[in-house]
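A short worksheet on the structure shown next.
Chains as they are written, first to last, in my numbering: chain W, 84 to 166; chain S, 84 to 166; chain B, 4 to 157; chain E, 4 to 157.
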């Protein structure tokens with residue numbers, strides 16, 4: 084699974100991209116976040132308050148209950164501020 | 084008094100501008116129109132239906148009861164269609 | 004700034020000088036009106052508009068456009084305003100009018116730009132004479148334009 | 004058409020090719036967003052924004068912008084649509100984004116143009132990092148942008 088971080092989530096995690104193999108029980112975005120928080124203090128800090136975090140699965144917005152699978156691209160980022 | 088006509092009022096009257104000296108009783112736009120209608124068949128046709136006619140006195144929109152005086156510039160035209 | 008002219012204008016060149024060097028500008032909204040080659044109001048064989056002639060009321064046009072600019076600046080925090088309107092004969096595809104508004108944020112820029120063209124369409128003394136294969140005809144005012152302008156009343 | 008790029012764009016040149024030769028176009032609405040040199044959110048000595056860096060999500064950005072264009076074309080009778088958005092480092096005064104919509108009449112052009120920028124601001128994956136004298140800070144999303152985008156729901 085390819086996991087991407089943008090903006091301040093990227094700076095807190097300390098990297099923009101990870102290739103990961105989550106355990107079998109990680110079936111949706113929420114479970115993925117819980118698992119990611121255990122990977123490092125930076126991950127824990129990035130996901131400490133999820134109110135300011137958005138997720139995308141395969142480049143489309145996804146809710147916390149959206150399914151994730153081994154070959155998905157999952158991204159986390161704050162609310163967008165372009166334009 | 085300078086009287087101007089634009090768009091189809093100009094073509095019906097047959098000219099775009101007239102320098103006129105209305106009689107003393109012509110004190111407002113409505114009275115001016117009544118007097119103008121007697122000047123020619125073209126004038127009468129131009130002012131036959133006033134629903135499609137607008138007036139300006141000294142280059143600002145004016146109602147039928149707006150006063151007119153000897154040195155005023157009075158214009159008649161249909162609703163505008165620029166832009 | 005307002006300008007009334009017979010010649011064409013270059014939108015890019017106009018915008019290059021628009022609010023130039025003003026660091027408070029975050030949003031610019033521009034509207035450009037052009038001569039369509041078909042007026043839906045004229046169905047049938049004569050429906051193709053080959054050209055039009057825009058008549059205006061010199062003097063009152065400038066006064067009204069300046070008043071419209073002033074009203075826009077009174078209503079919104081604008082950094083710059085531009086109205087350029089042509090008159091005379093225009094061919095299908097030609098530019099007729101351009102209005103622009105610059106502000107710190109886009110809400111003001113969009114609203115002011117719409118206001119400028121809505122009021123211009125109903126208050127600036129221009130009249131369109133369309134030239135079609137069936138002959139010339141004066142364009143009727145649209146009720147919709149009055150309705151759009153009425154949004155800004157009161 | 005959508006484009007995501009680091010380099011600047013020339014609004015006049017973009018418009019010269021926009022809906023070119025399409026005689027059905029009577030109205031074109033354009034919005035241009037630029038980097039202000041002062042962000043009201045940052046009062047005080049560090050308030051002057053000297054530059055910003057726009058980060059984006061390559062791939063998702065293009066997909067989302069294409070979806071926004073498609074939705075605009077579904078909602079209004081548009082003759083052409085353009086979205087150009089820059090990323091990377093931008094200085095005060097630099098252009099960030101341009102959106103444009105062309106239609107037969109102005110109501111559709113204005114509404115589509117507003118829709119494009121409203122949805123872009125809330126759905127396209129860009130993030131602004133402001134560089135000020137006090138240091139760098141990620142720009143917070145504005146509640147107002149959500150409210151403006153919500154106009155187009157349902």
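Glycine residues also receive a C-beta, built at the ideal position from the N, C-alpha and C atoms.
None of the values given here were measured: they were computed from a predicted structure.
| Where does residue 135(S) sit, in a helix, a strand or coil, going by DSSP? | Under the three-state reduction of DSSP output, residue 135(S) falls in the helix class.
| field | Validate contact between the segment 133-153 of chain B and the segment 59-66 of chain B using beta carbons, cut 8 Å, 3 pairs | value | Flag = no, the segment 133-153 of chain B and the segment 59-66 of chain B do not touch.
| Which stretch, first to last residue, makes up the alpha helix (DSSP H) that contains residue 115(W)? | That run of the alpha helix (DSSP H) goes 112-120.
| said: Whole angstroms are fine: how far does the CA of residue 112(W) sit from the CA of residue 44(B)? | reply: With a pLDDT of 47 at residue 44(B), under the threshold of 50, the modelled position of this residue cannot be trusted; read the value that follows with caution. The alpha-carbon of residue 44(B) is positioned some 55 Å away from that of residue 112(W).
| message | Rounding to the nearest angstrom, what Cα-Cα distance links residue 16(E) and residue 92(B) in this structure? | response | Roughly 25 Å separates the two Cα atoms.
| query | What residues from chain B crowd round residue 161(S), counting only those whose CB sits closer than 9 Å? | reply | Per Cβ cutoff of 9 Å: 130, 141, 143 and 144.
| task | Please decide whether residue 66(E) counts as near chain W, where near means a Cβ-Cβ distance under 8 Å. | result | Residue 66(E) counts as touching chain W.
| request: Measure from the alpha carbon of residue 110(S) to the alpha carbon of each residue in 157(S), 166(S), 92(S) and 127(S), then state which is nearest. | output: Nearest of 157(S), 166(S), 92(S) and 127(S) to residue 110(S), Cα basis: 157(S).
| DSSP three-state assignment for residue 66(B), whether helix, strand or coil | It is helical.
| request: Report the neighbours of residue 158(S) on chain B: residues whose CB is nearer than 9 Å to its CB, in chain order. | output: Under the 9 Å cutoff, chain B gives 60, 63 and 128.
| query | Can you find a C-beta in chain E that's less than 8 Å from the C-beta of residue 75(B)? | reply | It does not: the Cβ of residue 75(B) has no partner Cβ on chain E nearer than 8 Å.
| field | Inter-residue spacing [alpha-carbon to alpha-carbon] between residue 148(W) and residue 79(E) | value | Taking the straight line joining both Cα atoms gives about 34 Å.
| Which residues mark the beginning and the end of the beta strand (DSSP E) in which residue 126(W) is found? | Element bounds for residue 126(W): not the beta strand (DSSP E) but the alpha helix (DSSP H), 124-129.
| query | Among 154(B), 152(B) and 97(B), which one has its Cα closest to the Cα of residue 36(B)? | reply | For the options 154(B), 152(B) and 97(B), the alpha carbon positioned closest to that of residue 36(B) is the one of 97(B).
| message | For residue 58(B) and residue 116(B), I'd like the C-alpha separation in whole angstroms. | response | Each residue's Cα considered, the two are about 23 Å apart.
| request: Please compile the residues from chain S whose C-beta is within a distance smaller than 7 Å of the C-beta of residue 108(B). | output: Chain-order list of chain S residues neighbouring residue 108(B): empty, with the shortest C-beta distance near 25 Å, by a criterion of under 7 Å.
| task | Note down, in chain order, all residues in the segment 24-38 of chain E with a beta-carbon under 8 Å from any beta-carbon belonging to chain B. | result | For the segment 24-38 of chain E, which is checked against every Cβ of chain B, the residues closer than 8 Å are 24, 26, 27, 28, 29, 30, 31, 32, 33, 34, 35, 36, 37 and 38.
| residue 114(B): buried (16+ other C-beta within 10 angstroms of its C-beta) or exposed? | With a threshold of 16 other beta carbon atoms within 10 Å, residue 114(B) meets it and is buried.
| request: Go to residue 91(W), then tell me how far its alpha helix (DSSP H) extends in each direction, as first and last residue. | output: Its alpha helix (DSSP H) spans residues 90-96.
| query | Given that residue 7(E) touches chain B, what residues does it touch there, using C-beta distances under 7 Å? | reply | Per Cβ cutoff of 7 Å: no residues; residue 7(E) is ~20 Å from chain B at best.
| said: Residues of the segment 108-119 of chain W in Cβ contact with chain E at a cutoff of 7 Å, in chain order, please. | reply: Taking 7 Å as the cut-off between beta carbons, none of the residues of the segment 108-119 of chain W comes near chain E.
| query | What residue does the beta strand (DSSP E) around residue 84(B) start on, and which one ends it? | reply | For residue 84(B), the enclosing beta strand (DSSP E) covers residues 81-89.
| request: Would you check whether the ligand ADP has a heavy atom nearer than 7 Å to the C-beta of residue 99(S)? | output: The ligand ADP is not part of this structure, which contains no ligands at all.
| field | Cα-Cα separation between residue 100(W) and residue 115(W), rounded to whole angstroms | value | Cα-Cα distance, rounded: 15 Å.
| message | Given a cut-off of 8 Å on the beta-carbon distance, is the pair residue 154(B) and residue 30(B) in contact? | response | No, the Cβ-Cβ distance between residue 154(B) and residue 30(B) is not below 8 Å.
| query | Using DSSP with H/G/I as helix, E/B as strand and the rest coil, what is residue 122(B)? | reply | Judged by DSSP in its simplified three-state form, residue 122(B) adopts helix.
| said: I'd like to check one pair, residue 14(E) with residue 105(E): are the Cβ atoms closer than 8 Å? | reply: No.
| task | Just mark residue 94(B) as buried or exposed, buried being the case when its beta carbon has 16 or more other beta carbons within 10 Å. | result | With fewer than 16 other CB atoms across the displayed protein chains lying within 10 angstroms of its CB, residue 94(B) is exposed.
| said: Taking CB distances under 8 Å as the criterion, tell me whether residue 52(E) reaches chain W. | reply: No Cβ of chain W is located within less than 8 Å of the beta carbon of residue 52(E).
| Residue-level contact to chain E via CB, residue 153(W), 8 Å cutoff | Chain E contact via Cβ: absent.
| Simplified DSSP state of residue 15(B), which is helix, strand or coil | Under the three-state reduction of DSSP output, residue 15(B) falls in the helix class.
| said: Quick check on residue 151(E): does DSSP put it in helix, strand or coil? | reply: Three-state DSSP puts residue 151(E) in a helix.
| said: Could you pull the DSSP bridge partners for residue 141(B) from this structure? | reply: Beta-bridge pairing links residue 141(B) to 132(B).
| query | How many angstroms separate the CA atom of residue 90(W) from the CA atom of residue 162(W)? | reply | In this structure, the CA atom of residue 90(W) is about 10 Å from the CA atom of residue 162(W).
| message | Cutting at 6 Å between CB atoms, please list the residues of its own chain near residue 32(B), excluding the five before and the five after it. | response | So the list reads 104, 112, 113 and 116, once near-sequence residues are dropped.
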